[in-house]
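Each residue of the sequence shown is one higher than the one before, starting from 1 at the first, in the working numbering. See structure below.
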Amino acid sequence: MSARAASRLERLGFTVYRYQAGRADWFAAGLTREGRDANVPRVADVAKRDLQTCRLDERLGDVRDRVDGDAGEPLIIVDSDRVVLGLVNAEALASEPMTPFEEVMDPGPVTFRPNLRTGQVPDYFKKQGIRHALVTTSDGVLIGLLRLHPGHDDA
Numbered sequence: 001m002s003a004r005a006a007s008r009l010e011r012l013g014f015t016v017y018r019y020q021a022g023r024a025d026w027f028a029a030g031l032t033r034e035g036r037d038a039n040v041p042r043v044a045d046v047a048k049r050d051l052q053t054c055r056l057d058e059r060l061g062d063v064r065d066r067v068d069g070d071a072g073e074p075l076i077i078v079d080s081d082r083v084v085l086g087l088v089n090a091e092a093l094a095s096e097p098m099t100p101f102e103e104v105m106d107p108g109p110v111t112f113r114p115n116l117r118t119g120q121v122p123d124y125f126k127k128q129g130i131r132h133a134l135v136t137t138s139d140g141v142l143i144g145l146l147r148l149h150p151g152h153d154d155a
């Protein structure tokens, strides 16, 4: 079960049991790498980390005033542990001020693990027709945001 689904179920009152991390999760968490591939660029190395976030229980009107309005960057909905719950684009931020984020967010944003090689990303962005993706740990905790490089505008 994904961390996003677990967080939503916990919010609804369910008790959730999750697998604990192992060796593969070490790499997927973006922790220190060693060996011959240690210097290969990974998405965690290039992801933007200073991001606009808010909580699911906040209202659009309250958050709209504090975000900078960068139309190219989504607002990321996280829980108290920074587990990603969804994304809100600039168009959705123009909704009625009392609208709950749950009504306007994308609950299934594209995510990558931090150990993914950067060379694999442009083709995926182009094939999927996306301009950004989140980088999260295997537990769904937000690490950063990847954006399509301006030189790839044909995606």
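Each residue gets a CB set at the ideal place from its N, CA and C atoms; glycine is no exception. Bear in mind that the values here come from a model prediction, so they are computed numbers and not experimental data.
Gly86 sits in a strand when the DSSP states are folded into three classes. Look at Phe14 here: in three-state DSSP terms it is coil, with no helix or strand label. Per DSSP, Gly61 is one residue of the alpha helix (DSSP H) stretching across 60-64.
It is roughly 11 Å from the alpha-carbon of Glu10 to the alpha-carbon of Asp79. A contact between stretches requires three or more CB pairs, one per stretch, nearer than 8 Å, and the segment 36-43 meets this requirement with the segment 108-119. Using a Cβ distance threshold of 8 Å, Thr15 and Leu60 do not count as a contacting pair. If you look at Val43, you'll find it in the alpha helix (DSSP H) that goes 43-46.
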